[in-house]
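For reference, the structure discussed in these notes is given below.
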Amino acid sequence: MNFSEINREEVEQITGGLSYDLRWQGVGQLNLGVQATDYERVLNDPDDGPVTSEADRMLYNATGAIELRPWLVAYGGVVTGFEESPTAPAIALKRNEAPPAIETRQADAGLRARIGPLTAVAGVFSTEKPFFGLSTERLFIERGTVTNRGVELSLAGLVTPELQMVIGTLLLDATLTGDAVDEGKLSSNPIGVVRRVTTVDLDYRPRWATGWSFDMNVFSRGLEDGDELDQPRILERTFVNLGFRRQFNLDERTLVLRGRVSNLFDVFGWSVSGNGAFAFEGPRAFSRLR
266 MNFSEINREE VEQITGGLSY DLRWQGVGQL NLGVQATDYE RVLNDPDDGP
316 VTSEADRMLY NATGAIELRP WLVAYGGVVT GFEESPTAPA IALKRNEAPP
366 AIETRQADAG LRARIGPLTA VAGVFSTEKP FFGLSTERLF IERGTVTNRG
416 VELSLAGLVT PELQMVIGTL LLDATLTGDA VDEGKLSSNP IGVVRRVTTV
466 DLDYRPRWAT GWSFDMNVFS RGLEDGDELD QPRILERTFV NLGFRRQFNL
516 DERTLVLRGR VSNLFDVFGW SVSGNGAFAF EGPRAFSRLR
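Going by the working numbering, the first residue of the sequence shown is number 266, and it counts up by one from there.
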């Protein structure tokens with residue numbers, strides 16, 4: 266059996282821009298920027314030959330923060346971005362087709378506060394970008410616009426000199442609009458969007474065990490739509506991961522012993538990608554690294 270490359274992708278992007286940054290101690294800061302980018306993407310497929318997509322974009326950003334109190338800051342901004350669109354899946358009529366790069370827009374605002382040794386953040390955001398998917402003719406085309414609106418909450422810092430904590434929750438409301446939705450061919454809920462994600466990370470470094478650290482990660486996912494018409498609906502699930510790390514010196518070298526148990530309670534669940542492909546979460550597993 267002879268193996269060869271499936272395809273080769275080449276991306277060339279040239280960007281130039283200007284930015285202005287103002288920092289006023291005790292008051293706040295402001296950042297303004299504009300940039301022009303020239304983008305070319307070539308996907309060489311052994312069967313279909315090269316497929317080229319090009320784009321020229323003028324992007325901008327405006328972000329700022331105001332110090333309301335010595336411990337409280339309000340922030341906000343508007344940013345436009347530029348990212349590659351996904352390639353057509355293998356089941357598409359023209360597999361590996363490279364659609365044009367897409368422009369994204371994001372606006373956000375929120376508050377950031379220092380609470381003793383901890384930092385708390387509460388913010389809202391809205392993002393917008395084109396959505397690509399398969400048509401009934403299996404063509405990989407732009408089928409609408411995805412708008413994501415949500416709330417982000419986090420609390421992070423040293424609870425004690427030995428215990429570090431990061432807690433975060435994302436609440437997401439995603440909406441798909443366009444002709445396919447109006448005609449009833451697509452749901453207004455995009456495929457693979459998780460409505461809630463909660464993460465808790467703890468890292469404990471006890472004084473009585475110098476060089477040792479123990480960590481725990483709790484990851485919880487909310488409801489998720491499995492296909493273009495909201496069926497099936499993937500239920501909520503929570504995963505717990507435990508680990509330890511030991512650092513020591515041996516013959517003038519620093520060595521790290523690392524162990525980790527993933528999916529401690531062996532929770533079974535599915536996840537789905539934007540192109541509708543399903544995959545199941547990995548079972549309980551132990552890994553060790555030296």
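Here a beta-carbon is modelled for each residue, glycine too, at the ideal position from N, C-alpha and C.
Please classify residue i: does DSSP put it in a helix, a strand, or coil?
i           : result
residue 292 : coil
residue 550 : strand
residue 445 : helix
residue 450 : coil
residue 566 : This structure does not reach residue 566, given that the chain is present from 266 up to 555, and the question cannot be answered.
residue 479 : strand
residue 338 : strand
residue 522 : strand
residue 396 : strand
residue 427 : coil
residue 366 : coil
residue 413 : strand
residue 456 : coil
residue 315 : strand
residue 422 : strand
residue 517 : coil
residue 333 : strand
For the putative contact between residue i and residue j, defined by C-beta atoms under 8 Å, what is the C-beta separation to the nearest angstrom?
i           : j           : result
residue 338 : residue 327 : With 8 Å as the limit, residue 338 and residue 327 do not qualify as a contact, their Cβ atoms being about 17 Å apart.
residue 441 : residue 487 : Between residue 487 and residue 441 the Cβ distance is about 18 Å, and since that is not below 8 Å, they are no contact.
residue 298 : residue 281 : At roughly 12 Å, the Cβ-Cβ gap does not stay under 8 Å, so residue 298 and residue 281 are not in contact.
residue 457 : residue 417 : Their Cβ separation, rounded to whole angstroms, is 19 Å, which puts residue 457 and residue 417 out of contact at 8 Å.
residue 498 : residue 534 : 12 Å between Cβ atoms; not a contact.
residue 436 : residue 461 : 6 Å
residue 573 : residue 348 : Outside the shown range of the chain, which is 266 to 555, sits residue 573, and nothing can be said about it.
residue 459 : residue 504 : No, residue 459 and residue 504 are not in contact; Cβ-Cβ is about 13 Å, not under 8 Å.
residue 411 : residue 439 : 6 Å
residue 544 : residue 536 : 6 Å
Check the DSSP bridge columns for residue i and list the partner residues they point to.
i           : result
residue 462 : 435 and 486
residue 511 : 477 and 522
residue 408 : The partner list for residue 408 (beta bridge, DSSP) is empty, contrary to what the question assumes.
residue 298 : 284 and 326
residue 505 : 483
residue 373 : 342 and 390
residue 537 : 543
residue 467 : 430 and 481
residue 307 : 275 and 317
residue 347 : 368
residue 472 : Residue 472 pairs with nothing; no bridge assigned.
residue 403 : Paired residues: none, contrary to the question.
residue 383 : 380 and 422
Whose C-beta lies closer than 6 Å to the C-beta of residue i among residues of the same chain, with five residues either side of it excluded?
i           : result
residue 321 : 303
residue 464 : 433 and 484
residue 385 : 378 and 420
residue 273 : 309
residue 288 : 294
residue 429 : 423 and 468
residue 317 : 307
Among residues of its own chain, excluding the 5 on either side of residue i, which ones have a beta-carbon nearer than 8 Å to its beta-carbon?
i           : result
residue 370 : 343, 344, 345, 346, 392, 393 and 394
residue 520 : 512, 513, 514 and 555
At a Cβ threshold of 8 Å, is residue i touching chain C?
i           : result
residue 373 : The structure shown contains no chain C, having only a single protein chain.
Between residue i and the rest of its own chain, which residues show a CB-CB distance below 7 Å, the 5 nearest in sequence each way excluded?
i           : result
residue 547 : 527 and 528
residue 383 : 420, 421 and 422
residue 375 : 340, 386, 387, 388 and 389
residue 530 : 505
Subject >> Three or more C-beta pairs below 8 Å linking the segment 475-485 and the segment 509-521 >> reply: yes
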